[in-house]
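Residues in the sequence shown are numbered consecutively from 1, following the numbering used here. Idealized CB from N, CA, C, for every residue including glycine. Keep in mind the model is a prediction, meaning the values are calculated, not measured. Written below as structure tokens is the structure these notes are about.
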Amino acid sequence: MKISLALRALCLVAVAQLPARASAEALWGADFLGAERLFPIDVGQEGRPQPVLIDLPAGPYPGIILDLASDPARQPHVLWAILGGSGADPSLLAINPLTRQTLSAIGLEVALSSLAIDPLTGQMYGAKAAVLYFVDPLVGTLSVIGTTPNWVDEALVFDADGLMYGIGTDNGRLVRVDKQTAQTSVVGTQRIAVGDLAVRPSDGAMFGIDIRGRLFQVNPEDGSGTTIVQRSMTRATGLAFLVVPEPTALALAATALAAMSVRTSRRA
């Protein structure tokens, strides 16, 4: 199928006008059905995404991914994952979903259920039930910060200003968390059933996904959720944003524009 010269020129102009340091944000998710499965999620697209299968280290590693976290400013292509579940040895994995590789895998002394990274400092945090920890991702050691009045075992996340938020299985409400003392304050009264939370780096928008695959945007001021996609991936356990490195972003943009041109040509 030929692409018209005008459309081809439009593609080249559009790519040429992208910023020199262009990057693309990508939302990734994990589900309850296997540790090797990760999902690229289109924030505006209905329907279940196709899984990307990750090469896990020899072991094998039984269990599931319980939570995801990322540090796009320092490690734009890395997802950090807590691996656990019934009968599984708790582990912390570093994964590059673009290459489908596991970069590192270390054991954890506590079976964490939620994970987050402070965008201001790069410090990793984790939680199990009502206990908040500092996490050393190099060796897997945990240091207790304190006990949270509200559980944050369902989700932990940071906004762009370094404020920590969480949701727990005890009441399902969004809470702000003091990352130094583990004290919490409830944000609003609406219950949100989430598998995880993630904050988009470019604008600070907070997203959540529930067990049925409903993707929604969360208002951090009152804890309310606004549905964006009725059905994405189901039985979600983790959610995190990556920033695709600049050369890859340019290639993706060029490919998308070319594909659009082909579709337009077919309609002609």
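So what does DSSP say about residue i, is it helix, strand or coil?
| i | result |
| --- | --- |
| W151 | coil |
| I117 | strand |
| D89 | coil |
| E25 | strand |
Please work out which residues of its chain come closer than 6 Å, Cβ to Cβ, to residue i, disregarding the five sequence neighbours upstream and downstream, and give them in chain order.
| i | result |
| --- | --- |
| L66 | I82, G84, S113 and T237 |
| M164 | F158, V177 and K179 |
| L56 | E36 and T102 |
With residue i and residue j assumed to form a contact (beta carbons below 8 Å), what rounded beta-carbon distance in angstroms separates them?
| i | j | result |
| --- | --- | --- |
| A111 | K128 | 6 Å |
| I54 | T102 | 6 Å |
| A105 | S91 | 6 Å |
| P231 | G213 | Here residue 231 is Arg; the residue named in the question, Pro, does not match the sequence. Rounded, the Cβ-Cβ distance is 5 Å, consistent with contact. |
Hey, is residue i's beta-carbon within less than 8 Å of any beta-carbon in chain D?
| i | result |
| --- | --- |
| E25 | Absent from the structure is chain D; it holds one protein chain and no more. |
Less than 7 Å between C-beta atoms, sequence neighbours within five positions excluded: which residues of the same chain meet that for residue i?
| i | result |
| --- | --- |
| H77 | N96, L98, L242 and P245 |
| P40 | A26, W28, P49 and V52 |
| A240 | W28, L68, A69, S70, L79 and A198 |
| D89 | G107 |
Roughly how many angstroms lie between the CA atoms of residue i and residue j, to the nearest whole one?
| i | j | result |
| --- | --- | --- |
| Q217 | G34 | 26 Å |
| D136 | A94 | 13 Å |
| G223 | W151 | 15 Å |
| T148 | G188 | 17 Å |
| G162 | A130 | 21 Å |
| I145 | L38 | 30 Å |
| G44 | E221 | 23 Å |
| T181 | F134 | 11 Å |
| Q75 | D210 | 26 Å |
For residue i, verify whether its CB is less than 7 Å away from any heavy atom of the ligand PLP.
| i | result |
| --- | --- |
| S114 | In the structure shown, the ligand PLP is absent, as is every other ligand, since no ligand is present at all. |
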